[in-house]
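Undergrad:
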Amino acid sequence: MSKREGITKDSGTRSNPSVELVRSEAPSELLRELVAHLRQNRTQLREEWVVRITETRLLTAMTKEEIFAEATSVYDSYVEALETEAFEALQAYARNLSERIIPRGVETHEVVGIVLLLRDVLARSLFAKYQTDFKKLNRILDAYEPAANRIANTVAVGFVQERERVIRQQQEAIRELSTPVLQVRERLLILPIIGVIDPQRARQLTEQLLRGIRTNRAKVVVIDITGVAAMDVTVANHLVQTVEASRLLGATVIVTGLSPEIAQTLVTIGVDLGKMNTVGDLQGGIEQAERLLGYKVVTLAESR
Amino acid sequence: MEVPILKQGEVLIATFQAALSDADLNHLRMGLVRQVVKFRSRAVIVDVTAMDVMDSFASRTLREIAHMIRLRGAETVIVGIQPEVAFAMVQLGLTLEGVATALDLEEGLAYLNEKFKTTN
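Protein chains in written order, with numbering that gives the first Met the number 0: chain A, 0 to 303; chain B, 0 to 119.
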C-alpha cells in the first residue's frame, strides 16, 4: 500500500505544514483501518459498552444475558455497516431487532440511547489509539463520524418504522373487532358501537352498515352508541350522514344510547333532529323498530 | 338515450341507465310527467340500480321530477341506490330530501301498496 505524499507547494510561498491540501490516505483505507481496530478489540469494547448501558439504566426490561446477546449482534452489525456501507442491510436488521424487542417494552429512547453509547465508546477507543498522532486522529474521525451518524439514524428510523407498523396493525384489528352489523329480526339490523370513533372508523362503519342493509334487505337499523363516551363534531356529522345514506337505501335508522355529552354535541352542531330518530336506550330502540316493522311481542301466556 | 318506461297497473317504472347525460335527464323530466298524465298513473318508480355515480345535477333532477309528479297527485319512489353511491351523495350533501326511497323494485312496490291501501 503506497502512501501518496500530498503536500503541495505553492510556488513562491512557504507551505504551511499544519494545512494539508490533499489527504495522505484515501478515506476507504482509513475506514478499513478503523474497522480492523474495532474487530480486534471487539470483546473489550463490547464489554465496555454493556457496562455503559447498565450504568445509564437502559434496557431495564431485558436480562443481562439478553442484553449481552443483543449487544453482540448490534456491535457486529454496526462494524459491518461501517465496513460495507450497506445501510439497507442495517435497516432490515434494525426492523428485525425492533420486532423482537418492542413486545418486551423497549422504548425508542432506549434504542437510540444504546446506539449513541456505542458510537461514543468506539470514538473514545479511537482517541486512545491515535492520541499520539493528532492529524491522523482527525482523518480517522472524518471517516468515522459521518458513517457512525448515519448508522445511528438508520437504526432509530428502522425502530420507529417498526413501531408505527405495529400500531397500524393494532388499530386495524381493533377496528375490525368493533363494528359488527347484526341481524336480530327479519329486516332489522343492530349496529352496537363501543369505544372511540375517529373519522376513519366512522367511515368504515358507514360502509359496513350500508353493505349490510343491502345484503340483509333491512328496513330498520338500530345504531346503539351507549358505549361511546363522546364524539367530536366531525364524527357527529358522519353519524348524520350515515342516517341519511341509510335512508337512501330505504332503511330507517334509530339511534339509541346518546350520552348527555353527545346530545350536547348534536344540538351544538345544529343537527336537524327531525331527521334523526332517537330513543333513550337499546331496549326502547328495538321495541320501536319492531313496531315499525309490524311486529308485536307478547308473552306465551298472553298469546293463548 | 332512451330510458325504458314500463307500466305496471297504476305504477310507472322508469329504469335509468348508467351514463345519463344532462340532456338525457332534461328530456326525461318532461317525458316522465307526460307519461303520468297520459296513463293517469298514481306513482312512478325510478330505478337507479345501474347508476354508479350520482352528481348534483342528477340528484336535483330527480327531486324536480318528484315534485312535478306530486303536482299531478302521484308519488315518486327512487329505488336501487348503491351503497357506494349513497355514501358519496351524503358526503356532497345530496340527500334527496322529500323524496321517498326504497332498497329495490320489490321494496318500492311494497311501499306503494301499503300507501295505496291506507289512502283508499
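From the three backbone atoms N, C-alpha and C, an ideal C-beta is built for every residue, glycine too. Being a predicted model, the structure only gives us computed values, none of them experimental.
Can you name the start and end residues of the alpha helix (DSSP H) that D119(A) belongs to?
TA: Looking up residue 119(A) in the first sequence gives position 120. Run containing D119(A): 107 to 128, per the alpha helix (DSSP H) assignment.
Undergrad: Please name the residue or residues paired with D223(A) in a DSSP beta bridge.
TA: The count along the first sequence starts at 1 and reaches residue 223(A) at position 224. Per the DSSP secondary-structure output, D223(A) pairs in a beta bridge with P191(A), T255(A).
Undergrad: Give the secondary structure of A151(A) by DSSP, where H, G and I count as helix, E and B as strand, and everything else as coil.
TA: As a working note, residue 151(A) is residue 152 in the first sequence. Of the three classes helix, strand and coil, the one that applies to A151(A) here is helix, per DSSP.
Undergrad: Terminal residues of the continuous alpha helix (DSSP H) containing T71(A)?
TA: Counted from its first residue, the first sequence places residue 71(A) at position 72. Counting along the chain, the alpha helix (DSSP H) containing T71(A) begins and ends at 63 to 83.
Undergrad: Given 8 Å as the limit, is there contact between the segment 150 to 166 of chain A and the segment 127 to 134 of chain A, that is, 3 or more CB pairs closer than that?
TA: no
Undergrad: So, is the C-beta of A244(A) closer than 8 Å to a C-beta in chain B?
TA: On the first sequence, residue 244(A) is found 245 positions in, with the first residue counted as 1. Yes, A244(A) lies at the interface with chain B (some Cβ there is under 8 Å from its Cβ).
Undergrad: L204(A) CB to nearest chain B CB: under 8 Å?
TA: Numbered from 1 along the first sequence, position 205 holds the residue referred to as residue 204(A). With respect to chain B, the C-beta atom of L204(A) has no partner C-beta closer than 8 Å.
Undergrad: Quick one: Cα of T277(A) to Cα of T62(A), how far?
TA: Taking the first residue of the first sequence as 1, we reach residue 277(A) at position 278. Taking the first residue of the first sequence as 1, we reach residue 62(A) at position 63. One C-alpha to the other measures close to 56 Å.
Undergrad: The segment 243 to 267 of chain A: which residues have C-beta closer than 7 Å to a C-beta of chain B, in chain order?
TA: E243, A244, R246, L247, L248, G249
Undergrad: CB A244(A) to CB F86(B), shorter than 8 Å?
TA: As a position in the first sequence, residue 244(A) is number 245, starting the count at 1. As a position in the second sequence, residue 86(B) is number 87, starting the count at 1. Result yes, Cβ atoms of A244(A) and F86(B) sit closer than 8 Å.
Undergrad: Run through chain A and tell me which residues come within less than 7 Å of T94(B), C-beta to C-beta.
TA: Along the second sequence, read from residue 1 onward, the residue named residue 94(B) stands at position 95. Ordered by position in chain A, the residues that pass the 7 Å Cβ test against T94(B) are E243.
Undergrad: Give the interface partners of R216(A) over in chain B, defined as CB-CB distance under 9 Å, in chain order.
TA: Locating residue 216(A) in the first sequence gives position 217, where the first residue counts as 1. Going along chain B in sequence order, the residues near R216(A) (Cβ under 9 Å) are L102, D103, E105, E106.
Undergrad: Based on DSSP bridge pairs, tell me the residues matched to D46(B).
TA: As a first step, residue 46(B) must be located in the second sequence, where it is residue number 47. For D46(B), which the question treats as bridged, DSSP gives the partners T14(B), V78(B).
Undergrad: Counting only Cβ-Cβ distances shorter than 9 Å, please list the residues of the segment 182 to 210 of chain A near chain B, keeping chain order.
TA: Residues R202, T205, E206, L208, L209, R210.
Undergrad: Look at the Cβ atom of G279(A), then the Cβ atom of T264(A), and state whether they are nearer than 8 Å.
TA: Reading the first sequence from its first residue, position 280 is the one you call residue 279(A). Reading the first sequence from its first residue, position 265 is the one you call residue 264(A). Result no, Cβ atoms of G279(A) and T264(A) do not sit closer than 8 Å.
Undergrad: For F115(B), return the contacting residues in chain A, with the cut-off set at a CB-CB distance below 9 Å.
TA: Mapped onto the second sequence, residue 115(B) falls at position 116. What F115(B) touches in chain A: nothing, since even the nearest Cβ is about 17 Å away.
Undergrad: Report the three-state DSSP secondary structure of V297(A) (helix, strand or coil).
TA: Locating residue 297(A) in the first sequence gives position 298, where the first residue counts as 1. Correct three-state label for V297(A): coil.
Undergrad: Between which two residues does the beta strand (DSSP E) containing K6(B) stretch?
TA: Numbered from its first residue, the second sequence carries residue 6(B) at position 7. Counting along the chain, the beta strand (DSSP E) containing K6(B) begins and ends at 4 to 7.
Undergrad: So what does DSSP say about L41(B), is it helix, strand or coil?
TA: To locate residue 41(B), count along the second sequence from 1; it is residue 42. Note on identity: in this sequence residue 41(B) is Arg, with Leu being the wrong assignment. The answer is coil: DSSP assigns R41(B) none of H, G, I, E or B.
Undergrad: Which residues in the same chain as F158(A) place their Cβ atom closer than 7 Å to its Cβ, once the five residues preceding and following it in sequence are excluded?
TA: Translated into positions along the first sequence, residue 158(A) becomes position 159. Counting only Cβ-Cβ distances below 7 Å, and skipping sequence neighbours, we find A93, S97, T107, V110.
Undergrad: Run through the DSSP bridge pairs and tell me what L181(A) is partnered with.
TA: Counting from 1 along the first sequence, the entry for residue 181(A) is found at position 182. Per DSSP, I189(A).
Undergrad: Please compile the residues from chain B whose C-beta is within a distance smaller than 9 Å of the C-beta of R213(A).
TA: Working through the first sequence from its first residue, we reach residue 213(A) at position 214. Correct list: Q81, P82, L102, D103.
Undergrad: Is there contact here, the segment 67 to 87 of chain A with the segment 110 to 119 of chain A, by at least three beta-carbon pairs under 8 Å?
TA: yes
Undergrad: Sort D21(B), E96(B), D51(B), N25(B) by Cα distance to T75(B) and report the nearest one.
TA: Indexing the second sequence from 1 puts residue 75(B) at position 76. If we check each option's Cα against that of T75(B), E96(B) comes out closest.
Undergrad: Do T14(B) and D46(B) have their C-beta atoms closer together than 8 Å?
TA: Your numbering for residue 14(B) matches position 15 in the second sequence. Your numbering for residue 46(B) matches position 47 in the second sequence. Closer than 8 Å, so yes.
Undergrad: Does any C-beta atom of chain A lie closer than 8 Å to the C-beta of F86(B)?
TA: As a first step, residue 86(B) must be located in the second sequence, where it is residue number 87. For F86(B), the answer is yes, since a Cβ of chain A falls inside 8 Å of its Cβ.
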